[in-house]
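Chain order of the listed sequences is A and B. Taken in order, the first sequence gives residues 1 to 253; the numbers are from UniProt numbering. Taken in order, the second sequence gives residues 1 to 253; the numbers are from UniProt numbering. We put the beta carbon where it would ideally sit given N, CA and C, even for glycine. These figures come from a predicted structure and were not determined experimentally.
Number of protein chains: 2
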Amino acid sequence: MLTKEELEKFSADALELYLDHISIDCVVFGFHEGQMKVLMLKSKNEEGWQLPGGFVQKREPIDTAANRILATRTGIDKVFLKQFHVFGDPDRNRQHNEQYNDMVPKERNFFSHRFISIGYYALVDFSDAIPTPDEFSELCAWRDVNDLPVFLLDHELIFNTALDTLRLQLSYQPIGYNLMPKEFTMPELQKLYETILGKKLDRRNFQRRILGFGILNKLPQTRKGGAHKAPYLYSFDLENYQAALKEGLKSGW
Amino acid sequence: MLTKEELEKFSADALELYLDHISIDCVVFGFHEGQMKVLMLKSKNEEGWQLPGGFVQKREPIDTAANRILATRTGIDKVFLKQFHVFGDPDRNRQHNEQYNDMVPKERNFFSHRFISIGYYALVDFSDAIPTPDEFSELCAWRDVNDLPVFLLDHELIFNTALDTLRLQLSYQPIGYNLMPKEFTMPELQKLYETILGKKLDRRNFQRRILGFGILNKLPQTRKGGAHKAPYLYSFDLENYQAALKEGLKSGW
DNA sequence: TACAATTGTGTACCAATTACACCATTTATC
DNA sequence: GATAAATGGTGTAATTGGTACACAATTGTA
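Laid out in structure tokens, this is it:
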């Protein structure tokens, strides 16, 4: 146990040396019918777009904060949300912060601190979302991943890191439960994988592999109404899906 | 651009709501001759041991901070060091913090804040290290992973998460460059893998696989002096090793 | 009724992983 | 020195997993 004097001295020094802020940046991947988009915000004050983000409140777990931020921007709660990297270079938002240095004394300017940002990525069906801008943005919108705007801050790095992580994790994590309807066809699920990976996969090999994971139930019905042969419907076997989330799958695409 | 009034109001609210501290906890795995240890600190004030840690200074990148903390505790610089998870539950160190609440007013007590902790893991040869306690510890020492003491705070969770991450990353990252001498034998390298994975591997299959990665140079010499047949020496092909670090290997053990 | 598009299913081939066997070298021991 | 014990080098067969590819069936439309 420290003495009172030790604690006071350490605290005074430390409060001077080590004050920092934590923010959360979310890369929200939105999927729907073979399209892949990212949720972005057009800044009121600057030319460019950024990722949705926010701050962690006192006494709030960081996962809860990420979920809250996401829910505020999309209206969707409890989606697939995963911490993937911390961005902590002090220069990462210096330019952005220093524009306010003349305006307000440093100690009263929240932005004068360096922010360490915890990156999360989320997977949602973008047709479920209602994009809602925050107080600093004039617009919140889904942007196609193949037609991205200019990013502010280091958000391009954050986006790219998230995409790399997602593609890597596809090798040993099942995905799709949040992104597919209750019942779906094999070609629909394949399109999701192809969209994420950015490449075509062989139809027959995809089916064998995904069925091999044992996370799907084949339903007796087919999806009628298409212009062609009616494909079978599948649903996720939630129990096995959850188990696979914990245990992991194996090997890569 | 925000107006002065907007900035002042936002800052005042935010500074009240969102102040947090960032700490770094390092799980330092030490290896030597088939043994695997973890660097731990015996607390001066409490019954129990904790992982080496510290705070990120203003204007210091977090990777630099982790490296500094590790160098301070071991005397070793620039080792393999990798961020693996952020621990941000506000209750994670509440008990530890509240013991000081009566002693010093909250606003002058550095520990009254919740700490969000960035977990790093490091791989070192423990025979190179000089364990050095910090100001809160009476002892800094290597503890065998099979005979661990009682952990303080949430450090047992951090340790277990680090070990799981290390084992997973073994599948797609080459390791050993920091842990093996310049020249080493295949059985020695195999022992390192077995130590990390906690299980025996087949001698012949291990060799084929590791050679297949193309990160080793077979040297013409053998290691004489052992009690048995002299094994060949190998060294890491640094160029291929670095490439494999970036590109990743494939598949799992 | 023929056709285009799409889905269901199967199979042959190659690569990686696993399991296992045999020989060579070194030192200790009789 | 012959032999045993321990360890290292190398190879091979069986299994599994991944890739490439072919053909039949269904559906709506021309």
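Pair within 8 Å by beta-carbon distance, residue i and residue j
{"i": "Phe151 (chain A)", "j": "Val27 (chain A)", "result": "no"}
{"i": "Met36 (chain A)", "j": "Ile196 (chain A)", "result": "yes"}
{"i": "Phe31 (chain B)", "j": "Leu179 (chain B)", "result": "yes"}
{"i": "Ser127 (chain A)", "j": "Glu183 (chain A)", "result": "no"}
{"i": "Thr72 (chain A)", "j": "Val124 (chain A)", "result": "no"}
{"i": "Leu201 (chain A)", "j": "Gly176 (chain A)", "result": "no"}
{"i": "Ala129 (chain B)", "j": "Phe29 (chain B)", "result": "no"}
{"i": "Arg143 (chain A)", "j": "Val38 (chain A)", "result": "yes"}
{"i": "Asn217 (chain A)", "j": "Asp237 (chain A)", "result": "yes"}
{"i": "Leu81 (chain B)", "j": "Ala66 (chain B)", "result": "yes"}
{"i": "Thr165 (chain A)", "j": "Phe55 (chain A)", "result": "no"}
{"i": "Leu245 (chain A)", "j": "Pro174 (chain A)", "result": "yes"}
{"i": "Gly119 (chain A)", "j": "Thr64 (chain A)", "result": "no"}
{"i": "Phe136 (chain A)", "j": "Lys44 (chain A)", "result": "yes"}
{"i": "Phe213 (chain A)", "j": "Leu157 (chain A)", "result": "no"}
For residue i, three-class secondary structure by DSSP
{"i": "Gly212 (chain B)", "result": "helix"}
{"i": "His228 (chain B)", "result": "coil"}
{"i": "Tyr172 (chain B)", "result": "coil"}
{"i": "Asn217 (chain A)", "result": "strand"}
{"i": "Thr74 (chain B)", "result": "helix"}
{"i": "Phe136 (chain B)", "result": "coil"}
{"i": "Arg143 (chain A)", "result": "strand"}
{"i": "Ile24 (chain A)", "result": "strand"}
{"i": "Ala129 (chain B)", "result": "coil"}
{"i": "Tyr177 (chain A)", "result": "coil"}
{"i": "Gln190 (chain A)", "result": "helix"}
{"i": "Gln57 (chain A)", "result": "coil"}
{"i": "Lys4 (chain A)", "result": "helix"}
{"i": "Lys246 (chain A)", "result": "helix"}
{"i": "Lys9 (chain B)", "result": "helix"}
{"i": "Leu41 (chain A)", "result": "strand"}
{"i": "Leu153 (chain B)", "result": "coil"}
{"i": "Leu166 (chain B)", "result": "helix"}
{"i": "Leu238 (chain A)", "result": "helix"}
{"i": "Leu197 (chain A)", "result": "helix"}
Anticipated Cβ contact below 8 Å, residue i with residue j, distance rounded
{"i": "Ile24 (chain A)", "j": "Gly53 (chain A)", "result": "6 Å"}
{"i": "Thr185 (chain B)", "j": "Pro231 (chain B)", "result": "4 Å"}
Nearest-angstrom Cα separation, counted from residue j out to residue i
{"i": "Glu188 (chain A)", "j": "Tyr241 (chain A)", "result": "18 Å"}
{"i": "Leu163 (chain A)", "j": "Glu239 (chain A)", "result": "27 Å"}
{"i": "Arg59 (chain B)", "j": "Phe115 (chain A)", "result": "10 Å"}
{"i": "Tyr172 (chain A)", "j": "Ser117 (chain A)", "result": "26 Å"}
{"i": "Phe87 (chain B)", "j": "Ile62 (chain A)", "result": "8 Å"}
{"i": "Glu138 (chain B)", "j": "Pro131 (chain B)", "result": "12 Å"}
{"i": "Leu70 (chain B)", "j": "Leu168 (chain B)", "result": "23 Å"}
{"i": "Arg223 (chain B)", "j": "Lys229 (chain B)", "result": "9 Å"}
{"i": "Asp154 (chain A)", "j": "Glu46 (chain A)", "result": "14 Å"}
{"i": "Cys140 (chain B)", "j": "Lys4 (chain A)", "result": "24 Å"}
{"i": "Asn146 (chain A)", "j": "Asp89 (chain B)", "result": "36 Å"}
{"i": "Leu211 (chain B)", "j": "Gln207 (chain A)", "result": "33 Å"}
{"i": "Ile76 (chain B)", "j": "Arg68 (chain B)", "result": "9 Å"}
{"i": "Ala243 (chain B)", "j": "Ile215 (chain B)", "result": "9 Å"}
{"i": "Arg209 (chain B)", "j": "Gly225 (chain B)", "result": "27 Å"}
{"i": "Asp134 (chain A)", "j": "Glu247 (chain B)", "result": "38 Å"}
{"i": "Pro181 (chain A)", "j": "Lys9 (chain B)", "result": "44 Å"}
{"i": "Glu33 (chain A)", "j": "Leu170 (chain A)", "result": "19 Å"}
{"i": "Glu194 (chain A)", "j": "Val79 (chain B)", "result": "38 Å"}
Interface residues of chain A facing residue i [CB-CB closer than 7 Å]
{"i": "Asp89 (chain B)", "result": "Pro61"}
{"i": "Ile69 (chain B)", "result": "Ordered by position in chain A, no residue passes the 7 Å Cβ test against Ile69 (chain B), which lies about 12 Å from the chain."}
Amino acids of chain B, ordered along the chain, whose beta-carbon sits closer than 9 Å to that of residue i
{"i": "Gln173 (chain A)", "result": "Per Cβ cutoff of 9 Å: no residues; Gln173 (chain A) is ~11 Å from chain B at best."}
{"i": "Gln83 (chain A)", "result": "His85, Val86 and Gly88"}
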